[in-house]
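Reading through the structure tokens given below for one structure.
Residue numbers (this note's numbering): -16 to 375.
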């Protein structure tokens, strides 16, 4: 079946230099040089939907930027989005608005566990999961994913052992960053069976829920069970490239848990009632759908182009099967380099800044994470530079 014709221009580069962009303006700080193409931190080099920019400009033109409350229309925009895109009917009272997904995970762990309690993560995984456990003085328990062929799966037997040994919480990444898995219903059901058996709380980071490739469907785990304690973190930030605006949400059905989480934010004196964050959040969910549909066509074409290039010209690097997100997990073990040598090679010879696999845990050794949310020509140029830098 032919893919729809794009109406949004993702090919024309947009300069981000001089905007205090972490991705661009901090290259020397993080990589020791400015002479690299930055394909590391997880934001996109694409302009946000026009409706978001229009809404932000309109709000800026009202020249008072005072203390701001959450309008009901904000909650409605989120409810309608998840009902329409994910068949998830979220109750208004279940929504807790938060200053970003990472602070939310910190707050949930703080509210629902005690110092020393065991919290499970599934590496290789988004690195703030590690710090969220350690910084709150909880005990980190690793339940590594298993690489079977060219795809990762959960080790549910080991997960059950961790839960039986006393772990109270699992932090789930769904879809998974960095390995690109979109967990299937059977996998989530099996996970829920373990949680049910051991009274395990699940914190599900679903920030990439909208970034799903064709033939895949994201299932919000909270829609599969009402007898398991599930707290879901969501945000329009990755979907619409507005992470700098900061606003996210937790979906928490249990009132006592909601109250506990809100109390943590109150104790921290954290407020996220920013008029621009609120405006961008609502505009994205209300008017960003066509832009997102175009984006996923473009990203899928880029993903397939990367796969073809690696198979034809760079067999030293294997693309782990990707089902979602704009982050590709590259298996570089056939290059026969240490992690330090890989890091040096890609920066000095490949002229590209990627995230090293070890950032996501020890099991990420030999891997790199590539952000493909940039003009496709740039991505392919980077791959060609890497090819040229390798011995013939």
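Backbone N, C-alpha and C fix where the C-beta goes; we use that ideal spot for every residue, glycine too.
Only a predicted model underlies this, so the values are computations on that prediction, with no experimental measurement involved.
Near residue i, what residues of its chain come up, given a Cβ to Cβ distance below 6 Å and the 5 sequence neighbours on each side ignored?
i	result
residue 292	366
residue 142	126, 177
residue 100	121, 151
residue 112	104, 154
residue 168	202
residue -4	358
residue 300	293, 313, 315
Can residue i and residue j be called in contact, C-beta distance under 9 Å?
i	j	result
residue 136	residue 180	no
residue 263	residue 31	yes
residue 81	residue 282	no
residue 214	residue 233	yes
residue 119	residue 93	yes
residue 25	residue 226	yes
residue 64	residue 205	no
residue 109	residue 188	yes
residue 216	residue 73	no
residue 279	residue 194	yes
Tell me the DSSP secondary structure of residue i in three-state form.
i	result
residue 369	helix
residue 21	strand
residue -5	coil
residue 79	strand
residue 206	helix
residue 356	coil
residue 375	coil
residue 271	coil
residue 214	strand
residue 29	coil
residue 232	strand
residue 297	coil
residue 350	strand
residue 335	strand
residue 307	strand
Only counting the same chain, and skipping five residues up and downstream in sequence, which positions put a Cβ closer than 7 Å to that of residue i?
i	result
residue 162	107, 128, 135, 303, 312
residue 362	285, 289, 355
residue 348	322, 340, 341
residue 139	173, 174, 177
residue 258	42, 48, 51
Near residue i, which residues of its chain fall below 8 Å by C-beta distance, leaving aside the five closest residues on each side in sequence?
i	result
residue 58	75, 78
residue -10	273, 277
residue 374	none
With 9 Å set as the bound, which would you pick, yes or no: does the beta-carbon of residue i sit closer than that to a beta-carbon of chain C?
i	result
residue 327	Among the protein chains of the structure shown there is no chain C, as only one such chain exists.
> Which ranges does the beta strand (DSSP E) cover as unbroken runs of at least 3 residues, wholly within the stretch 96 to 168, from first to last along the chain?
Replying inline: 101 to 104, 122 to 125, 129 to 131, 134 to 136, 152 to 156
>> Quick check on the DSSP output: what are the complete alpha helix (DSSP H) runs of length 4 or more inside the stretch 36 to 82, in order along the chain?
In response: 55 to 69
> Touching or not, the stretch 16 to 23 and the stretch 56 to 70, by the rule of three or more beta carbon pairs under 8 Å?
Replying inline: no
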